[in-house]
Amino acid sequence: MVIEKIIGNMATLEKRTPHIEKVYIESDHLVKRVQRVVTDHGKELGIRLKENRELTDGDVLFMDESNMIVVQVLADDILTIQPIDIQQMGEIAHQLGNRHLPAQFEGGDMLVQYDYLVEELLRQLDIPYKREKRKVKQAFKHIGHSHD
């Protein structure tokens with residue numbers, strides 16, 4: 001089976017089926033419009049999205065009267081950074097920017113993929129953080145540029 005469009009998302013879908021199969025995807029793979037996946041029931045699927053859209057957690061890839069196939073994002077190894085004031089936020093944002101590390105924000109938390117050097121930096125700057133397994137809503141995107 002080849003999936004060419006997303007039917008909807010579990011968060012907003014009104015109609016549901018009695019059976020749900022899951023496709024577990026790493027957050028890095030959410031940006032891929034073409035990929036091969038296997039459901040938790042062993043069904044092989046090809047994803048070839050026609051629209052320029054990224055996958056998100058809860059996306060419904062297939063649905064009929066009795067079955068749905070849904071994307072489930074695997075938890076990432078994350079540093080959840082919780083600066084206590086604007087000074088700390090500025091310091092860590094500047095340092096992460098110099099390292100070209102992508103960050104995401106959820107509520108008052110800054111999320112970055114785990115990196116032992118960043119963890120050491122957070123300790124040195126005495127910025128509150130925790131390392132955790134956490135599901136992110138979208139892929140961490142590196143934005144390239146040059147210093148020419």
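For what it's worth, full-length UniProt numbering labels the leading residue of the sequence shown as 1, then goes sequentially. For every residue, glycine included, the Cβ atom is placed at its ideal position computed from N, Cα and C. Remember, predicted model here, so these are calculated numbers, not experimental data.
Return the residue from the list I69, A103, L55, K50 that minimises the CA-CA distance to V23.
Position 23 of the sequence shown holds residue 23. Comparing Cα-Cα distances from V23 to each of I69, A103, L55, K50, the minimum goes to I69.
According to DSSP, is H19 helix, strand or coil?
Here residue 19 is taken as the residue at index 19 of the sequence shown, counted from 1. In the structure shown, H19 sits in a strand (DSSP, three-state: E or B).
Classify I86: buried if its beta carbon has 16 or more other beta carbons within 10 angstroms, exposed otherwise.
Counting from one through the sequence shown, the residue named residue 86 turns up at place 86. Its Cβ having fewer than 16 others within 10 Å, I86 is exposed.
Nearest-angstrom Cα separation, counted from Q138 out to M1:
Counting from 1 along the sequence shown, the entry for residue 1 is found at position 1. Counting from 1 along the sequence shown, the entry for residue 138 is found at position 138. Whole-angstrom Cα-Cα distance: 25 Å.
Can you tell me whether V38 is buried or exposed? The criterion is at least 16 other CB atoms within 10 Å of its CB, across all chains shown.
On the sequence shown, position 38 is the one that residue 38 refers to. Under this definition V38 is an exposed residue.
Which class does R123 belong to by DSSP, given the choice of helix, strand or coil?
Along the sequence shown, one-based indexing puts residue 123 at 123. Reduced to three states, the DSSP call for R123 is helix.
Which residue comes first and which comes last in the alpha helix (DSSP H) that contains N52?
Within the sequence shown, residue 52 is the residue found at index 52, counting from 1. It is not in any alpha helix (DSSP H) - N52 carries neither H nor E in the DSSP assignment.
Selected residue, minimal CA-CA separation from K15, among E106, E91, M63, G97:
Within the sequence shown, numbered from 1, the residue matching residue 15 stands at position 15. Ranking the options by Cα distance to K15, first place goes to M63.
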